[in-house]
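Undergrad: Residue numbers (the working numbering): 42 to 1112.
Glycine included, each C-beta is placed from N, C-alpha and C at the ideal position.
None of these values were measured; they are calculated from a predicted model.
(1) In three-state DSSP terms, what is residue 571?
(2) Quick check: what's the CA-CA separation for residue 825 versus residue 879?
(3) Alpha carbon to alpha carbon, what distance is there between residue 264 and residue 1116?
(4) So, helix, strand or coil for residue 431, using DSSP?
(5) What runs of the beta strand (DSSP E), each 3 residues or longer, lie entirely inside the region 337-393?
(6) Which ranges would you report for the beta strand (DSSP E) in the region 54-117 if only whole runs of at least 3 residues count?
(7) If I measure Cβ to Cβ from residue 549 and keep anything under 8 Å in the same chain, skipping five residues before and after, which residues do I get?
(8) Just to confirm, are residue 892 and residue 551 a CB contact at a threshold of 7 Å?
(9) Tell me whether residue 290 is buried or exposed, calling it buried when 16 or more other Cβ atoms sit within 10 Å of its Cβ.
(10) Using a Cβ-Cβ cut-off of 7 Å (strictly less than) and excluding sequence neighbours within five positions of residue 786, which residues of its own chain qualify?
(11) May I have the straight-line CA-CA distance separating residue 521 from residue 401, to the nearest angstrom?
(12) Between residue 344 and residue 523, what straight-line distance do the alpha-carbon atoms span, to the nearest angstrom?
(13) Can you check the region 226-254 for any beta strand (DSSP E) of at least 3 residues that lies completely inside it and give the ranges in chain order?
(14) State buried or exposed for residue 470, treating a residue as buried only when at least 16 other CB atoms are found within 10 Å of its CB.
(15) Reducing DSSP to helix, strand and coil, say where residue 862 ends up.
(16) State yes or no: is the C-beta of residue 882 nearer than 6 Å to some heavy atom of the ligand FAD?
(17) Taking 8 Å as the cut-off, does the region 365-372 touch the region 401-420 (at least 3 CB pairs, one atom from each stretch)?
(18) Excluding five sequence neighbours on each side, which residues of the same chain lie with their C-beta closer than 7 Å to the C-beta of residue 157?
(19) Which residues in the same chain as residue 796 place their Cβ atom closer than 6 Å to its Cβ, once the five residues preceding and following it in sequence are excluded?
(20) With DSSP collapsed to three states, give me the class of residue 405.
(21) Would you call the CB atoms of residue 448 and residue 499 closer than 7 Å?
(22) Beta carbon of residue 250, beta carbon of residue 241: below 7 Å?
(23) Quick one: what's residue 842 bridged to in DSSP?
(24) With C-beta atoms as the reference, is residue 338 less than 7 Å away from residue 295?
(25) Buried or exposed: where does residue 622 fall if 16 or more other Cβ atoms within 10 Å of its Cβ makes it buried?
(26) Closer than 6 Å by C-beta to residue 341: which residues in its own chain qualify, once you throw out the five before and the five after it? Chain order, please.
(27) Mind checking residue 480: buried by the 16 CB within 10 Å criterion, or exposed?
(28) Buried or exposed: where does residue 57 fall if 16 or more other Cβ atoms within 10 Å of its Cβ makes it buried?
(29) What whole-angstrom Cβ distance do residue 927 and residue 53 have, given they're in contact under 8 Å?
(30) Determine the closest residue to residue 846 out of 857, 834, 840, 839, with distance taken between C-alpha atoms.
(31) Based on the DSSP secondary-structure assignment, which residues constitute the bridge partners of residue 119?
(32) Taking residue 202 as the reference, which of 189, 228, 174 has the closest Cα?
(33) Based on the DSSP secondary-structure assignment, which residues constitute the bridge partners of residue 416?
(34) Answer yes or no: do residue 813 and residue 563 have a C-beta to C-beta separation smaller than 7 Å?
(35) Hey, out of 119, 438, 857, 77, whose CA is closest to residue 138's CA?
(36) Express the C-alpha separation of residue 844 and residue 730 in angstroms, rounding to a whole number.
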């Protein structure tokens, strides 16, 4: 089946847009703020942080966004392709789109700033900087924003190659401040005269700002220095003042509207407010959530917007320096120079709220709701302080590497490893608190494993009793944890403690998984699948290993020769194959060294001089290249060798050749210092206590083994890449055709046979298990095991291999609702299948790089088979490397579109099954029962039949409903029904019993066969005898009152009093 031809699903993005890449813009009154996110402009309410409108008319990413000076209702944005977009932001209407006429050829717009300059037009002109190709100088223009045409300016300003940092003064002093590297330009855009300066000690400028009401400018550099420039028109009168507090580079500056103070921020996560008159008097707002990227001050100086690198916009009070609110939809992980993964946790699902959990800020977990597309909260897991970045240093912080979730518990594993000292490892168990609606730390275990965690999982997602948690560490040890009584004498309760631990032959642990009922624990050790009893996991119950060859690793040499000679094949090749086949048959029955040497000479003999007939044409080489590169079971060196057999030469571009050479040389050189360090450590072992000496010696032996394996691996695989990619010194550039022919003629008789290296790469190895996953439901006896190039399905009932798939799995996600497994291969391909029938339900290639997968259950599942719609029960979500959550769906659909339809009561109450379990469904059914009885016994004294207050109440919309104090009385009166006859009473009791816990349906809408409040027949008879006299008395009193009410004309007040009395009597009668 060709899925590409029939695939109608599109890759769409649920969350993750970067809202802090550019500085936001305040509205003139400060009530709204405008945020750029790629091609969209999001309008937020400043006070509440609510998204009010989205302007998505741009066709390319927006590089600037400003309000028109004379028309503040108009919002002007410029795209990177040179297109001006004008909106009326109050109405949310696109007014005009103007392309900039910047000349022929493709031009990329770098910056665009409006100026307080009008050249015979109603709209302001713009200062635009552009670039055509990388390496060329930056050009600048002044553009009419109405027509898009360039305005001729007589100015000798020439810019450098770097992307400029620009700010334009729009007040009384009309200057452009521009910085490139360590050069600073001040341009008067009235006279178009400019001055150029250099920064102190030639440090690179990181940001510039122009004061709104003075001839003052501010610049900041990479060393944390802030300079205030005054009278910069002439070098003789120019003065600058140094403001220095920041230790690292300053990332943002902002003047107050009055120009009296200035705000600054950087990598210290501290907002600093300076006074220009007294620089020593500073105010601080410390402990911001992340590195400060942008600072924007409102026109009334009441609010300050601070954009932090974790994709958050925080609203700070300008007077009290207190954070008012925060706009954050998806937390970004800050960029680091450690080379570690940003999302080691991947993408997880919290079964309590079906919210997505992933790494957020440093030391935090973020909980994101895909249903409402909103950030729920960031939970701080690590209590340690976050270390700030330092120039030319690699800073390591605590990282949350693994986490597991239960409906009432959460387990997290955090690691601090600076690659120099012994790694610090912590395991924490968190319990959900109903009052706080968050997790509270219950148990903390220091150093449960060495070096870190491989996996953490609970025995059941929804079970609380007899709950187990299994952890696998880098020390190849499995530990099982359980809930026990607390040992703290000051605080009684429950805590987690280790119940058992196990390992198997000291093999590395790949993955662990519990069965659906939590009774079995499956562990992947190397290439062996071990099954444990979850209650006593000391010795494995069974160990399963795949037969040779089926796990993706070839354990025997296979020689395949064509039975018939190929078309056009020469006789020399056929004779050589026949000789080789005869020798191999002889080798099977003898161990003669001469025969072995003869076979080696034939295998590694000189190549034939004939051309290969099967060599593809130039038109098909691209197809062959793509097919070979998709073969996940081959390594890079094997793929390149195979391409050479087909006549496809692989070369490295000149721009990447030097970088690749440095990388390969760094890999090939075995560090001598490491060997000396290991020898010194080995010599110091006698200083340790005997308790720790054996353990340290064992660890040193493991390090020596890894180093020896690395030294053996380098000459086999890494060195061969030099010759394949033509990077070694022996490879020479191509020469002319004449020289080639001479060289070929001279080398015909002097060809040397290739030699097989002594340390040849072995043909067999261990297929390491990377993922283990149990099935669910009727497939709970199946276990899926993923190796380097296979997906194997084991049947635990027969202890046999049931099926296998040829896939190189990098990530796996399992849906217990539908038993669907989604895997992402190393070639970024998606495959969806079930364990019992491992045939693909869906396949897709060319997916973006992902950090993790997760199945999100639908709030309203579709009534269709998974063979028709594999996402009918759950939606597959992916966390991409661009820090976005993506999903596959038809155009215009999203996971938030499957919300259940609101229950309305406009339909008749005949459909009891639909209204029975609704909020007011019981009252609607009661009203129907009372209406049917009225047709036989007459109208009610209180109530208005079909137009009762109940129907009016349940049919009201929430936003149009009046105050409850006005309608509560009428609503309660309408619920009162008459009880004239015993049959009517019995029917009412029977109807209520079927609706509430007294009948066959409980409060959750589930049927049951008995109730705790049911009375036996004898008790019912006694109750009937005791209440018979009371009923007779009340009926007589009610008849007298009715007779009195029909005699003559009565005062309305008296009639109202009698009606109330009759109602009270009938209520007592009914009870």
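TA: Concretely, from the data shown:
(1) strand
(2) Their backbone Cα atoms lie some 10 Å apart in a straight line.
(3) Shown here, the chain extends from 42 to 1112; a query on residue 1116 therefore has no answer.
(4) coil
(5) 344-349, 353-358, 364-368, 389-391
(6) 73-78, 81-86, 92-96, 103-108
(7) 517, 566, 567, 809
(8) no
(9) buried
(10) The predicted model places residue 786 with a pLDDT of 45, which falls under 50 and marks its position as unreliable; any figure quoted below should be read in that light. Closer than 7 Å at Cβ, skipping near neighbours: no residue.
(11) Approximately 28 Å, taken between the alpha carbons.
(12) 51 Å
(13) Scanning the region 226-254 from its first residue to its last, the whole beta strand (DSSP E) runs of 3-plus residues come out as 234-239, 246-251.
(14) buried
(15) strand
(16) Summarising the ligand content, the structure contains no ligands, and the ligand FAD is consequently not present.
(17) yes
(18) A distance below 7 Å between beta-carbons, with the five flanking residues on each side excluded, links residue 157 to the following residues of its chain, in chain order: 110, 165, 211, 215.
(19) Because residue 796 sits at a pLDDT of 47, beneath the cut-off of 50, its placement in the model cannot be relied upon, and the following sentence gives the value as read from the coordinates. Excluding residues within five positions, none has a Cβ falling inside 6 Å.
(20) strand
(21) No, Cβ-Cβ distance for residue 448 and residue 499 is not below 7 Å.
(22) no
(23) 835
(24) Yes.
(25) exposed
(26) Counting only Cβ-Cβ distances below 6 Å, and skipping sequence neighbours, we find 71.
(27) buried
(28) buried
(29) 7 Å
(30) 834
(31) 105, 125
(32) Per the Cα distances, 174.
(33) 409
(34) By the CB criterion at 7 Å, residue 813 and residue 563 fall inside the cutoff.
(35) 119
(36) 52 Å
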